Amino acid sequence: TQSTRPQRLLGAVQKNATRGDPCSVVKAIDHFCRHKEWAMNVGDEKGCILDSVVSEINPATVLELGTYCGYSTVRIASRLPPHAKLITLEFNPDFAVIARQVIAWAGVEEKVQLVEGASGDWIPKMKEQFGIKTFDLVFLDHWKDRYLPDTKLMEECGLLRKGSVLLADNVICPGTPEYLEYVRNSPRYESRYFKSHLEYTKVEDGLEKSVFLG
Ligand SMILES: O=C(NCCc1nnc(-c2ccc3[nH]cnc3c2)[nH]1)c1cc(-c2ccc(F)cc2)cc(O)c1O
Ligand SMILES: [Mg+2]
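This note's numbering puts the first residue of the sequence shown at -3, with every later residue one more than the last.
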């Protein structure tokens, strides 16, 4: 039977990356996606912006919406301080199967909790299920039409505190116009656009960093 792209991406990791070395996993995926098959990871260029935001915040609690194959999960987890927790939500079970293996290969599974299901269902359960009070950083990289409803849901569930940072991928391509309009015009957010490119291409894309003001 035919393999899927996520399965071939995992094969490239197992072939070319060193177990327990997150950087080699990230490099192996970027090489595969640049030279073999494009895939919707945040990628190396936007990934450097993600890295700098994580290092600046030094978060104890991170929520990632949209795991896909675990590329950004590994980038974030490898930069977290000890005892920090990253919860990543994946809707597609086939992606989740691959992501778990990529996360394990990188050796960051202690810091990561991969949860399968819909963001709309899980966000209201975060506090009771995982003992989370608030998130220091949220990386939005799931379905683009879920960015705004999920942000409002996180506000309503009290998962954001003064200073919590939302970092959103793909605000230009594929685009999240309603989300951008909201965070850029709401008095409750201080927003900034980091211009970049769609992963592995010359097409414009970027990350929007929005600080919740409480
Ligand atoms: O669709 C994307 N990403 C989303 C995957 C996902 N992985 N998990 C989810 C999830 C997780 C919990 C959820 N709860 C409810 N819906 C959910 C969806 N969604 C995406 C697409 C592109 C892209 C650009 C240009 C093109 F020509 C084609 C494609 C680029 C990117 O960087 C992306 O991130
Ligand atoms: Mg993305």
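Note that CB positions come from ideal geometry on N, CA and C, so glycine has one too. Bear in mind the structure is a predicted one, so any value in this text is a computation, not a measurement.
Look at Val38: its beta carbon is less than 8 Å from one of the heavy atoms in ligand 2. Contact between the segment 17 to 27 and the segment 45 to 55 is absent: fewer than three C-beta pairs spanning the two stretches fall below 8 Å. The shortest C-alpha to C-alpha distance from Gly171 to any of Val104, Asp137 and Asp17 is the one to Asp137. Linking Phe126 to Arg188 through their CA atoms gives a straight-line distance of about 30 Å. Per DSSP, Arg188 is one residue of the beta strand (DSSP E) stretching across Tyr185 to His193. The beta carbon of Val104 sits closer than 7 Å to those of Pro18, Val70, Ala73 and Ser74, all from its chain and outside the five residues before and after it, given in chain order. Around the C-beta of Leu209, fewer than 16 other C-beta atoms lie within 10 Å, and the residue is accordingly described as exposed. At the C-beta level, Leu194 and Glu174 stay beyond 9 Å of one another.
At a threshold of 8 Å, Asn166 counts as near ligand 1, since its beta carbon sits closer than that to one of the ligand's heavy atoms. Fewer than three pairs of CB atoms, one per stretch, sit closer than 8 Å, so the segment 0 to 16 makes no contact with the segment 153 to 170. By the Cβ rule, the segment 111 to 119 does not count as touching the segment 36 to 43, because fewer than three pairs are nearer than 8 Å.
One Cα belongs to Val108, the other to Ala95, and the distance between them is close to 11 Å. Relative to Gln97, the option among Ala13, His79 and Lys121 whose CA is nearest is Ala13.
As computed with DSSP, Phe135 is found in a beta bridge with Glu60 and Leu163.
Rounded to whole angstroms, the gap between the alpha carbons of Pro77 and Asn54 is 7 Å. Residue range Lys81 to Glu86 is occupied by the beta strand (DSSP E) that includes Lys81.
Just measuring C-alpha positions, the residue of Leu5, Ile168 and Lys32 sitting nearest Ser192 is Ile168. Short note on Trp139: C-beta closer than 8 Å to some heavy atom of ligand 1.
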